[in-house]
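Those letters in the sequence shown? Residues 2 to 381, by our numbering.
To start, the structure under review is shown below, and the notes come after it.
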Amino acid sequence: MKILITSSIFPPEIGGPATFVYDLCNELKSKHEFKIITFGNEVKKSEDIKIINIKLNYPFLGTLFRQGKLLYEILKNGRNVDFIFAQCVYVTGLMSLIGAKLLRKKLILKYVGDPAWEFAFGNNETDLFLDDFLKLSKKSWKSKIQIRVQKSVLKNVDKIIVPSEYLKKVIINNYKVREEKIRVIYNAIKDVQITQKKEKNEVIQITTIGRLVKWKNISGILKAVSLIKDKKINLMIIGSGPEEENLREEALNLGILEKVNFAGNLPHNETLKRICGSDIFILNSFYEGLPHTIIEAMMLKTPVIATNISGTNEIAINNKTALLIEKNDEKDLVAKINKIIEDKELREKLVENGEKSVKKMFGFERLLNEYNEEFKKAGF
């Protein structure tokens, strides 16, 4: 099968969609011929896979130019493919839909989150979370346009794949898409062979990973670290994004800058080593589709603390595979950090259950089989 993939990000950029596309294509390239169109000034090359990267640094009418270039590349590279597989409902979704219609190709869409809400929340246009935001009748004109675009894409693609039951409900309830058009395929990770040992010393290593955007609520982790006075803590933040300077300033104001390591974007294998060498992994997000980083942390036998939100709580089961906290509750986060540090029996239980759970639910072979099944349906 010949498949054209459009993706908003690709390695060396970090993030679930980037890792997913790279791993999926490399594992299935013996069965299918892939072409990838993505945004980025530099991309990680892969043998036997054609990767077309659209530069980000166009100074004049950048967004319009990039979208026009995306459509051009879709039309140019999509003539002889069996179908198109878009990785974002907004950034690549609309041009993928237009291209698919013009080329008379089927279009599969992977919906991993809602860009309209992410944009509004990140720009302080709303303090509502996803479901409440989508139900709100009064929105900015930008949000209304984005949601109309997303609704048009979701209603007109041939198939939608989501990584969680939660996102399936979001699409059905808020975009009025037929349930039979949507399939849940849980994310997965390859078996990882990382032998990095956790250092036995007085400093507790806490790690968090993600784009530095507001809904990841890394600010809450900084506040929690500042409240822990009786233990030596080091917090490593892996990732980059628009909130980085604000977070650095907050760490400085809280008096904990020397305890915080802003590591930036790291190669994936190095990121896994950092998770493996950590005492605790924290994901303090307000919103997730299905967080890839938690799966990796559990696979690497690192205890997890996460917010009790839809998507995340499909993986992280409180007191079984992780400790859950409510949103914006730094005192509870402090309590959970102390609990993991002080309770060896609990740590061992979370690690054992977490590893068993992700190996059963999120094995990579299962993901490959399910996507192969969808690709065969789309190709005929």
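Glycine residues also receive a C-beta, built at the ideal position from the N, C-alpha and C atoms.
These figures come from a predicted structure and were not determined experimentally.
Ignoring anything shorter than 4 residues or poking outside the region 8-49, list the alpha helix (DSSP H) runs there in chain order.
-> 17-29
With DSSP as the reference, label ILE310 as helix, strand or coil.
-> Sequence index remark: in the sequence shown, residue 310 carries index 309 (1-based). Three-state DSSP puts ILE310 in coil, outside helix and strand.
Cα-Cα, which of ILE205, PRO304, MET96, VAL204 is closest to LEU155?
-> Looking up residue 155 in the sequence shown gives position 154. It is MET96.
Would you kindly work out how many angstroms separate the C-alpha atoms of GLU346 and ILE306, rounded to a whole number?
-> Taking the first residue of the sequence shown as 1, we reach residue 346 at position 345. Taking the first residue of the sequence shown as 1, we reach residue 306 at position 305. Those two C-alpha atoms are separated by around 16 Å.
Using three-state DSSP, classify ASN54 as helix, strand or coil.
-> The residue you call residue 54 lines up with position 53 of the sequence shown. DSSP places ASN54 in strand when its eight states are reduced to three.
Tell me MET237's beta-bridge partners as DSSP assigns them.
-> The residue you call residue 237 lines up with position 236 of the sequence shown. In the DSSP output, where bridge partners are listed per residue, MET237 has THR208, ASN262.
Taking the alpha-carbon positions, what's the LYS32 to GLY63 distance?
-> For the purposes of this step, residue 32 is identified with residue 31 of the sequence shown, where counting begins at 1. For the purposes of this step, residue 63 is identified with residue 62 of the sequence shown, where counting begins at 1. Straight-line Cα distance between these residues: approximately 37 Å.
Got a sec, what are the start and stop residues for the alpha helix (DSSP H) LEU223 sits in?
-> On the sequence shown, position 222 is the one that residue 223 refers to. Unbroken alpha helix (DSSP H) run through LEU223: 219-228.
Option nearest PHE66 by Cα separation, candidates LYS357, MET300, PHE40 | Taking the first residue of the sequence shown as 1, we reach residue 66 at position 65. If we check each option's Cα against that of PHE66, PHE40 comes out closest.
What do you reckon, are the CB atoms on LYS232 and ILE205 nearer than 8 Å?
-> Reading the sequence shown from its first residue, position 231 is the one you call residue 232. Reading the sequence shown from its first residue, position 204 is the one you call residue 205. Going by C-beta atoms, LYS232 is nearer than 8 Å to ILE205.
Using the Cα positions of ILE99 and PHE84, report the straight-line distance between them to the nearest angstrom.
-> Locating residue 99 in the sequence shown gives position 98, where the first residue counts as 1. Locating residue 84 in the sequence shown gives position 83, where the first residue counts as 1. Those two C-alpha atoms are separated by around 13 Å.
Pick out whichever of PHE263, PHE86, GLU356, SER47 has its Cα sitting closest to the Cα of LYS321.
-> The count along the sequence shown starts at 1 and reaches residue 321 at position 320. Selected option, being the one with the closest Cα: GLU356.
Taking the C-alpha atoms as reference points, what is the distance between ILE222 and VAL82?
-> Reading the sequence shown from its first residue, position 221 is the one you call residue 222. Reading the sequence shown from its first residue, position 81 is the one you call residue 82. Rounded to whole angstroms, ILE222 to VAL82 spans 46 Å at the Cα level.
Helix, strand or coil: which one does DSSP assign to LEU5?
-> Residue numbering aside, residue 5 sits at position 4 when the sequence shown is read from its first letter. Note: LEU5 maps to strand in three-state DSSP.
Counting Cβ pairs closer than 8 Å, one from the region 235-243 and one from the region 133-144, do we hit at least three?
-> no
In chain order, what residues of the same chain have a beta carbon less than 7 Å from the beta carbon of GLY79, not counting five sequence neighbours either side?
-> Walking along the sequence shown from the start, residue 79 turns up at place 78. So the qualifying residues of the chain are LEU5, ILE85, GLY100, LEU104, LYS106.
Under three-state DSSP, which class holds ALA117?
-> Position 116 of the sequence shown holds residue 117. Looking at ALA117 - three-state DSSP - the assignment turns out to be helix.
Please work out which residues of its chain come closer than 8 Å, Cβ to Cβ, to LEU72, disregarding the five sequence neighbours upstream and downstream, and give them in chain order.
-> As a position in the sequence shown, residue 72 is number 71, starting the count at 1. So the qualifying residues of the chain are MET96, ILE99, GLY100.
ARG105 (DSSP reduced to helix, strand or coil) | The residue given as residue 105 occupies position 104 in the sequence shown. The answer is coil: DSSP assigns ARG105 none of H, G, I, E or B.
Just curious, the beta strand (DSSP E) that LYS160 is in, first and last residue?
-> Here residue 160 is taken as the residue at index 159 of the sequence shown, counted from 1. First-last of the beta strand (DSSP E) with LYS160: 160-163.
Within this structure, are the beta carbons of GLU297 and ILE276 separated by less than 8 Å?
-> Position 296 of the sequence shown, counting from 1, holds the residue named residue 297. Position 275 of the sequence shown, counting from 1, holds the residue named residue 276. Cβ distance < 8 Å, so GLU297 and ILE276 count as in contact.
DSSP three-state call for VAL1: helix, strand or coil?
-> In the structure displayed, the chain extends from 2 to 381; residue 1 sits before or after that span and is not available.
Got a sec, what are the start and stop residues for the beta strand (DSSP E) ARG184 sits in?
-> In the sequence shown, the residue the question calls residue 184 occupies position 183. Element bounds for ARG184: 183-185.
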